[in-house]
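Worksheet for the structure shown next.
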Amino acid sequence: MFKTLPYFFFVALIPSAILGVFGAPISNILYFYDNFTKPINPMPYGFKEVLNDMFGYFQNSWILIAKFALSLIFVSLIMGLMERHLRSGRFGFKHPMRRINDSMLALLPISITVVVVQVLFSLISSGIVTLSHYMFSQFGDTPTMISWTISIIAVVALQLVVVDIYSMCLLIPPTYIITGYPYLSSASYATRLRHKDGFKIYFACLWPYLVIFVIGLLSRMVSIFDIPVNILCYVFLYLYFCSLSMTLYYDLSGTERMDYKRKLGKGV
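Here it is, written out as structure tokens:
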């Protein structure tokens with residue numbers, strides 16, 4: 011990721027600049043910091059408010075659609091460029107539509123899965139916060155320490171499960187792109203590769219969220235940096251997970267990487 015950062019940074023910056031203005035990574039966890047003194051209204055309005063405050067894109071559904079479309083297009087481009095670089099040792103921006111087409115079929119099923127998981131996670135998390143408030147506090151009042159603590163533990167536990175699901179999907183796109191196997195065969199082979207080092211892969215998917223959580227808390231203390239920090243966090247997530255996905259496949263499958271054998275340069 012760092013070696014090719016000057017090339018990929020501006021590709022990832024395009025969707026990140028749009029998403030960073032209207033949202034923040036792991037806003038569901040930062041919600042507990044931002045809304046500790048905010049009352050929760052009775053149902054069903056209380057649930058809708060919690061849902062919008064935690065995730066944002068249900069009130070403005072176009073944000074979810076834009077996030078899906080932008081991520082699919084630009085991650086396809088980044089993955090296609092990375093695959094070419096790792097396979098041939100060359101790098102170049104020629105034929106970007108070919109790179110997108112080469113990767114989009116591999117990423118589309120995973121992207122749909124991520125959206126479904128994220129929507130379910132959003133609804134369940136918001137329901138937990140509202141139910142906890144109902145059981146240990148009163149609607150119209152600010153959350154109590156008990157209701158907030160239970161909500162945080164439950165939502166963090168769900169977030170860990172979601173990260174595990176994402177880690178299971180991580181190797182499927184590069185396997186499909188590089189091997190050319192049918193999709194189900196690629197998923198099966200990717201699952202076998204993941205079993206070689208499942209815990210390390212899970213932790214590799216988890217620690218960026220911990221870093222972004224700390225950075226997000228710091229940005230809340232100086233609100234003027236909120237949007238720039240959001241944008242840089244999205245750039246980091248795009249580049250990190252694309253790089254992790256591609257390099258993991260090469261490492262676990264034992265495939266030779268040509269970028270180790272030649273200098274980074276322009277290619278056709």
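Residue 40 in this note's numbering sits at position 30 of the sequence shown, with consecutive numbering throughout.
Cβ coordinates follow ideal geometry from the N, Cα and C atoms, glycine included.
N- and C-terminal bounds of the alpha helix (DSSP H) containing residue i
i: residue 56; result: 55 to 65
i: residue 112; result: 106 to 146
i: residue 269; result: No alpha helix (DSSP H) contains residue 269, which DSSP labels as neither H nor E.
i: residue 45; result: Run containing residue 45: none; DSSP gives neither H nor E here.
i: residue 183; result: 182 to 189
i: residue 208; result: 208 to 231
i: residue 159; result: 155 to 179
i: residue 197; result: 193 to 205
CB contact flag (residue i, residue j, <8 Å)
i: residue 259; j: residue 153; result: no
i: residue 3; j: residue 23; result: Here the chain covers residues 11 to 278 and nothing more, so residue 3 does not appear.
i: residue 88; j: residue 248; result: yes
i: residue 261; j: residue 212; result: no
i: residue 81; j: residue 25; result: yes
i: residue 46; j: residue 158; result: yes
i: residue 134; j: residue 170; result: no
i: residue 237; j: residue 93; result: no
i: residue 161; j: residue 142; result: yes
Residue from the options whose Cα sits closest to the Cα of residue i
i: residue 230; options: 37, 26, 24 and 29; result: 37
i: residue 17; options: 203, 85, 101 and 48; result: 101
i: residue 104; options: 193, 91, 196 and 115; result: 91
i: residue 255; options: 220, 266 and 200; result: 200
i: residue 111; options: 161, 83 and 30; result: 83
i: residue 64; options: 246, 205, 228 and 166; result: 166
i: residue 2; options: 234, 13 and 190; result: Because the chain here runs from 11 to 278, residue 2 falls outside it and cannot be looked at.
Where residue i falls: helix, strand or coil (DSSP)
i: residue 101; result: strand
i: residue 13; result: coil
i: residue 76; result: helix
i: residue 257; result: helix
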